[in-house]
Amino acid sequence: MRDPETATDDRTRAGLSYAARGFLGFFTTIRGRIFVAFLCMSLLSGLLGLYAVVAISHIGTLINRTYDESLMSINYARATAADFAKMRTVFARRMHAHDAAEAAKLDAEIAELSTTLAEDLTIAVERSQSDRAVRTAGAVQAGVAAWEEMRRTLNPATAVSARWDELDQQAHAVDNQIDLLVNYTAGDGFTFRQAARVLVAREMQVNAIAAALAVVICGMIAWLLNRRITGPLAAASAAAKRIASGRLEDRILAGGRDELGSLLRSMAVMRDNIQAMMAREVSQRRVAEALVTDALQTSREGVVVVDAAGRIALANNQALRFFEGLGAAIEAGTSLARLAGGSMSNGSEPLEDCVRALAQDGDIQLADGRWLRVSRSPTQEGGFIAVCSDISLLKEQEDRLTLTNLRLDAALDNMSQGLCLYDAQDRLMVVNRRYSEIYGLAPRAVVPGMTTLEVMRASLVAGNHPGCDLDTLVRQQREAFDNGAWRTHFQELSNGRIVAIDRRETADGGFVATYEDVTERRRAEARIAFLAHHDMLTGLPNRVALGQQIEMAVAQAGRDYGFAVFAIDLDDFRPVNETLGHGVGDELLAAVANRLTACVREIDCVARLGADEFIVVQRGIDRPEDAAVLARRIIEVVGAPYSLSSHEVSVGLTIGITLAPSDGTSCDKLLKNAEVALDRGKTEARGSFRFFEPEMDARLQARRLLERDLREALTREAFEVYYQPIYSLDTDRVCGFEALLRWNHPVRGFISPAEFIPIAEELGLIVPLGEWVLRRACEVAAHWPDGLKVAVNVSAVQFTSASLVTAVREALRRTGLPGRRLELEITESVLVANPGSTTAILHSLKALGVRVAMDDFGTGYSSLSYLRSFPFDKIKIDQSFVRDLCIKDGTDFIVRAVIGLGASLGMTTTAEGVETEAQLAQLRAEGCDEVQGYLFSRPVPVSEVADVIRRWNGNSRAIA
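Per the numbering used here, the sequence shown starts with residue 318, numbered consecutively.
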């Protein structure tokens, strides 16, 4: 019995043997041979088609890379350039922004542009196709970061031109890197485009070779099959030849249902497949070319392609916008040489710009003012590609920056201070012209690049620091640091000039030093400090310094001796000042100060408090006799005549003395006591000295009280106007009244005008008081009979007021009193003080119709020139002459002369103080015109004026 497993193996081997025989038998038949032949041809065709598919796929990949990577990388690289340009523009605006909100907005815009630049640069790197583009993008990123860091650390307030130059150089480097990136990406796109073209050509050659090989192989198969099959296979063979030769449009005969028919159908299918693949390849190629063309035409850069023959083969839309007429030149196939020769330009400036732009790399300016930056890249065929970028905005920014730098240089050269800017290595970077002027250096003695030590050495060589060496200057500079901070250092030069040196650290580790010539300022400060404690005219200590001297004397008085305080006042100084001028007065005061200084010891003090008031502090005295000795010496020395520049002048002086500590221990108290003693001396005997006595202070207090009451009385108008009649000897009637001011004090009763009028003049109250008297007198006189006049005395102080004429005019207007009925009486002192202005005022008063009388004639200067310079209406003879008229001492001759003088000049003469009939009779005999005095009436209040008129003129002349 057989083994089952052995039987299974035998059946398997028998089956395999049958299949092998069947397979071999199949190939021995025509069908098998045809199958084998067509199988071989199909394999060849399949491989050919597969190769074509692979080649087309490879070409598509290259085209996609050219568009998606190279051209997109170019666009994003250009976007990077635009972002950086915007950052610089916004930064320039930020530097000129003064508003905090606007500055913050511009900072935010710079940050946003920085982020956009980083994103565009990242995309450009991702789509770049070469390592050089990647490296260049990294350089751009690093350059932008460096520029950002420099910009953040730049302080516009303290930045110098070197920092701006560094920032501009960094920006220029970034621009160059971006341009290089654009060129690399553009070159990569062109390289891949060329590679795609070469690959297409190579694949077509390979396909042609493969097709030729397929034809040969098919021919051999046909030759082999021709031996077996003729006739029906001829059509199949012809069809196969047509397909192999590329004639895919020819019709293939339809075969039967046999193997030949199947073969023909298969050939038709094969032909259709080949035709479809070719159509797809052409379509893909056309799409790729359209994408490339669209990328070029929409680019912001002008692209011009020039072939090896020098003809412009291609130009995108941006290039055509740059150069008008370029499209016509391309269509005509004109070469650059012909354009340069002017064959087509016809003087057209755009084509001339095009020739200049394509001639070389670099920046050119077009005829319309725009600027282009041209970058040329050679092609493999011998031509080149020119990429033109519009950099007009960049040029404008550069021009503005250049102008800013020029203005900064001008500002530095015209600074009032010298300036030196040093870097972190203590090397000079910037120096202005003023520095060399301050230190007297030659124009090129100090130049950038020198160290601080070399600059100091140049100043030493110029002789600015006698007695100093380089180590001394360095040590002085170190000493100027106080706890790590620089303090102002004052340096005195050999020519006496003083230079203030200030130094500030800069952000880069360097420093900027300023040098200011403060010589005049220091002198002015010293002068101000001196004048703060001294009198400007005499150079003597003023009130402040005097107070310090007295306080020091008080502090020492208890331990050693006492001291005396002298209050000195010059007698008759005011007439000197008014008649000879303030210049002579100032010269006299300086001479008096010199003599006073010569009279005292070094331990004593002489001070001037103002006008003609001096103070002397005599130290180290123990008895009043010591002060008296000094007072006599001062009166003798100071009272001697003075030979001034143009006049011989003599003045007297009165001295008030107070002793310390017996009379007081405070500065104010002692000065007050000395002034009280001075007032007592001036009242009792000018040209002498008086010691302070306690009762003097009581009189001073009484005067102060009187001054207060006088002010209150003026405020309340608590005065009265009395009227004394003026009697006309021609008509034997009262012809007018003289208005006299009276003050009825509520406590002291009537106070004499001789007592309170001088006080009113000293206090400046005489002007409003005189105007009040004038108004009251005019109001009362307006009610008198028309023939009566009123005479009002005018103080010399009133003539210094510009309101006198206005006050008279207003009083006449308000009361309705005619100007001819008002008579103003003035003394000769008014004319002595300021003859010119006084005469002008008198003429103004005469123009109002007012009469002017010279009062107290004969008691003052009695200068006849005053009578000639101004035509007075009346001369009043002083009562001192009338009082002694009946005494044979020559007074009568004086009165006769004055009356005769008045008659000769056509002036009325009035005699004051007539008290007796004898005096009246003699005055009548001498021809006097008018008289007044107690013989006729005492001054009476306004209520009694009518009675006086009635008594002397009768009832018909009295007031209604």
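Ideal Cβ positions, reconstructed from N, Cα and C, are used throughout, including at glycine.
Inter-residue Cα distance where the pair is residue i and residue j
i                 : j              : result
leucine 736       : glutamate 419  : 32 Å
valine 1122       : serine 1161    : 7 Å
serine 662        : alanine 630    : Low confidence applies here, because serine 662 scores a pLDDT of 46, under 50, leaving its location unreliable and the question unanswered by this model.
serine 1045       : threonine 1155 : 29 Å
leucine 770       : glutamate 443  : 53 Å
glycine 664       : glutamate 698  : Summary for glycine 664: the model assigns pLDDT 47, below 50, so the residue's position carries little reliability; its value from the coordinates is reported in the next sentence. In a straight line, the C-alpha of glycine 664 is about 31 Å away from that of glutamate 698.
serine 374        : leucine 365    : 14 Å
alanine 625       : leucine 653    : 11 Å
leucine 471       : threonine 453  : 27 Å
cysteine 916      : arginine 997   : 24 Å
glutamate 930     : glutamate 953  : 17 Å
asparagine 500    : glycine 455    : 15 Å
serine 447        : arginine 638   : 31 Å
proline 1063      : leucine 1023   : 12 Å
methionine 869    : glycine 856    : 21 Å
isoleucine 569    : alanine 394    : 56 Å
asparagine 990    : serine 963     : 38 Å
alanine 1214      : proline 892    : 28 Å
phenylalanine 807 : valine 816     : 6 Å
glutamate 1012    : leucine 995    : 14 Å
glutamine 494     : tryptophan 481 : 20 Å
glycine 506       : arginine 761   : 55 Å
glycine 898       : valine 968     : 15 Å
glutamate 669     : leucine 423    : 41 Å
Proximity winner among the options, relative to residue i (alpha-carbon distances)
i              : options                               : result
valine 691     : Leu683, Cys705 and Gly699             : Cys705
aspartate 1026 : Val993, Arg1065 and Gly927            : Arg1065
glycine 1133   : Thr1155, Arg1092 and Thr855           : Arg1092
glutamine 1115 : Glu1142, Leu360 and Phe798            : Glu1142
arginine 1241  : Ile1216, Thr719 and Val1259           : Ile1216
glutamine 1018 : Ala1098, Gly1004, Ile845 and Val993   : Val993
arginine 1280  : Tyr832, Ala398, Glu466 and Glu796     : Lying before the first or after the last residue shown, residue 1280 is absent from the chain, which here runs from 318 to 1277.
aspartate 1047 : Glu1243, Glu1078, Glu1034 and Thr805  : Glu1243
arginine 1059  : Ile1074, Gly1053 and Arg1050          : Ile1074
valine 1259    : Glu1232, Ala1099, Arg1130 and Ser1197 : Ala1099
For residue i, the three-state DSSP class (helix, strand or coil)
i               : result
valine 968      : coil
isoleucine 932  : strand
arginine 299    : Any answer about residue 299 is impossible in this case: the structure gives the chain only from 318 up to 1277.
threonine 719   : helix
serine 662      : Low local confidence applies: a pLDDT of 46 at serine 662 is under 50, so the model's placement there is unreliable, with the coordinate-based value given in what follows. Three-state result, serine 662: coil.
asparagine 1110 : strand
glutamate 1140  : strand
leucine 1080    : helix
isoleucine 569  : coil
leucine 361     : helix
threonine 433   : helix
Classification of residue i by the beta-carbon crowding that lies within 10 angstroms, buried from 16 upward
i              : result
tyrosine 878   : exposed
proline 958    : exposed
tryptophan 540 : exposed
glutamate 618  : buried
glycine 973    : buried
arginine 918   : exposed
isoleucine 920 : exposed
glutamate 1072 : exposed
alanine 529    : exposed
leucine 484    : buried
valine 491     : buried
Nearest-angstrom beta carbon gap, residue j and residue i [assumed within contact, 8 Å]
i              : j             : result
proline 1256   : leucine 1057  : 5 Å
aspartate 1173 : lysine 1193   : 7 Å
threonine 1225 : lysine 1191   : 4 Å
valine 923     : threonine 914 : 5 Å
alanine 908    : leucine 854   : The Cβ separation is near 11 Å, so there is no contact.
valine 772     : valine 778    : Going by Cβ atoms, the distance from valine 772 to valine 778 rounds to 11 Å, so no, they are not a contact pair.
glutamine 1236 : leucine 1184  : Their Cβ separation, rounded to whole angstroms, is 25 Å, which puts glutamine 1236 and leucine 1184 out of contact at 8 Å.
arginine 1200  : glycine 1230  : 6 Å
Contact with chain B by residue i, beta-carbon distance below 7 Å
i             : result
glutamate 754 : Protein chain content of the structure displayed is limited to a single chain, and chain B is not contained in it.
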